[in-house]
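Here the structure is laid out as structure tokens; the discussion comes afterwards.
Protein chains: 2
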Amino acid sequence: MDQIAGAVLADLKVIPTPGGPVLHMLRADSPLFMGLGEIYFSEVEPGAVKAWKRHLRMTQHFAVPVGLLKVVLHDDRPDSPTRGSTAEYLLGRPDHYRLLRIPPLVWYGFTAVGPVPALVCNCADLAHDPVESERAGLDDPRIPFGWEE
Amino acid sequence: MDQIAGAVLADLKVIPTPGGPVLHMLRADSPLFMGLGEIYFSEVEPGAVKAWKRHLRMTQHFAVPVGLLKVVLHDDRPDSPTRGSTAEYLLGRPDHYRLLRIPPLVWYGFTAVGPVPALVCNCADLAHDPVESERAGLDDPRIPFGWEE
């Protein structure tokens with residue numbers, strides 16, 4: 048799989064407890080923590096695709112505590128050592144519970160895999176601001192990835 | 048329903064979007080934000096009870112993006128104007144998506160209501176530290192609430 052400069056994938060702990068597990072996401076004393084601007088969720092219906100989007104300044108951290116999500120990143124940053132790379136990540140339960148950092152200016156999209164909705168939690172270093180992100184269509188020619196494959 | 052001094056219940060937005068909704072939780076510029084120590088999840092199996100616990104210093108903020116949760120608080124803080132009060136809150140989808148602040152030193156417990164597991168997200172102002180919390184049994188005589196009712 049291609050690497051994307053600035054993207055980080057880190058294992059997260061799932062701790063069995065009576066009545067249901069505790070799932071770690073992010074601690075302020077973690078080397079991964081970059082400050083909190085906003086925390087919110089995105090629910091993704093089975094088979095639905097949410098793509099493409101990129102943030103100009105926001106760094107995102109995704110975890111998927113319910114369901115299974117395929118996240119695709121594409122790097123067309125002019126100065127990036129991984130310019131032109133596309134990478135796919137599976138996030139979710141039970142076998143892929145981990146944290147994905149998505150750096151600013153990298154295109155991202157995601158889809159729910161399997162029969163149940165996936166829940167993405169985004170721990171972002173900036174609060175939502177509509178002027179610091181941009182969108183592209185699923186078939187944007189700048190991004191060589193086919194969601195229908 | 049009894050009030051508990053320091054507990055706050057605030058409506059949260061659910062924003063319909065193609066492929067599944069976006070669910071707000073907490074922004075750093077919100078008057079409710081008290082700093083982030085750790086964000087983690089607790090999954091609760093249908094009918095399971097996780098109780099009782101209280102934190103000595105941590106303030107918690109709960110939201111339930113999946114499923115439905117009944118949270119019970121009991122206040123036995125010696126100096127509290129609501130000492131002796133017990134309060135119940137429903138948190139979750141689709142009709143009770145909101146944020147609950149649980150202040151330190153208030154006993155809390157919760158159970159999943161309905162047929163599916165509930166997912167609690169806790170945005171806490173301190174990272175997990177086993178020495179700043181304590182537990183009590185479901186039938187602790189200090190807490191006049193019966194989970195089996």
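Protein chains in written order, with our numbering: chain A, 48 to 196; chain B, 48 to 196. No residue lacks a Cβ here, since even glycine has one placed at the ideal position from N, Cα and C.
For M72 (chain B), at least one C-beta of chain A is nearer than 8 Å to its own C-beta. DSSP places P141 (chain B) in the coil class of the three-state scheme, outside both helix and strand. Residue state for V163 (chain A) is assigned as coil, using DSSP reduced to three classes. The beta strand (DSSP E) runs of length 3 or more contained entirely in the stretch 79-135 of chain B are, from start to end of the chain, 85-91, 96-102, 107-113 and 115-121. Interface annotation for the stretch 85-103 of chain A against chain B: E85, I86, Y87, F88, S89, E90, V91, E92, A95, V96 and K97, criterion Cβ-Cβ distance under 8 Å. By the CB criterion at 8 Å, S132 (chain B) and D142 (chain B) fall outside the cutoff. Counting only residues of its own chain and dropping the five nearest sequence neighbours on each side, W154 (chain A) has a CB closer than 6 Å to the CB of W99, R101, H121 and I190. For the options A:D58, A:S180, A:P162 and A:M105, the alpha carbon positioned closest to that of L70 (chain A) is the one of A:D58.
Not a single C-beta of chain B is nearer than 8 Å to the C-beta of A134 (chain A). Residues of the stretch 174-185 of chain A whose Cβ lies closer than 9 Å to any Cβ of chain B, in chain order: A174 and H175.
Here DSSP, grouped into helix, strand and coil, assigns V153 (chain B) to coil.
Only buried fits V111 (chain B), as 16 or more other CB atoms lie within 10 angstroms of its CB. Apart from sequence neighbours up to five positions away, the residues of its chain that approach M72 (chain A) with a beta-carbon distance below 6 Å are A110, ordered along the chain. Under the three-state reduction of DSSP, E181 (chain A) is assigned to strand. Put simply, the CB of G139 (chain A) is far from chain B, with every gap to its CB atoms at 8 Å or more.
Within the stretch 55-80 of chain A, the residues whose Cβ lies closer than 7 Å to some Cβ of chain B are G66, G67, P68, V69, L70, H71, M72, L73, R74, A75 and D76, listed in chain order. Looking from the CA of A171 (chain A), the closest CA among A:R124, A:L138 and A:M81 belongs to A:M81. Contact between the stretch 81-94 of chain A and the stretch 90-97 of chain B is absent: fewer than 3 CB-CB pairs across the two stretches fall below 8 Å. For V119 (chain A), no Cβ of chain B is located within less than 8 Å of the residue's own Cβ. Contact annotation for V113 (chain A) against chain B: V113 and L166 [CB-CB distance below 7 Å, chain order]. For A57 (chain B), the secondary structure class from DSSP, reduced to helix, strand or coil, is strand. Residues P150 of the same chain have their beta carbon placed closer than 6 Å to that of G53 (chain A), with the five preceding and five following residues left out of the count. For L116 (chain A), the closest Cβ of chain B is not nearer than 8 Å.
For the pair V55 (chain B) and R148 (chain B), the CB atoms are nearer than the 8 Å cut-off.
For L83 (chain A), at least one C-beta of chain B is nearer than 8 Å to its own C-beta.
Within a 10 Å sphere around the beta-carbon of K117 (chain B) sit 16 or more other beta-carbons, which makes this residue buried. With at least 16 other beta carbons inside 10 angstroms of its own, R124 (chain B) counts as buried.
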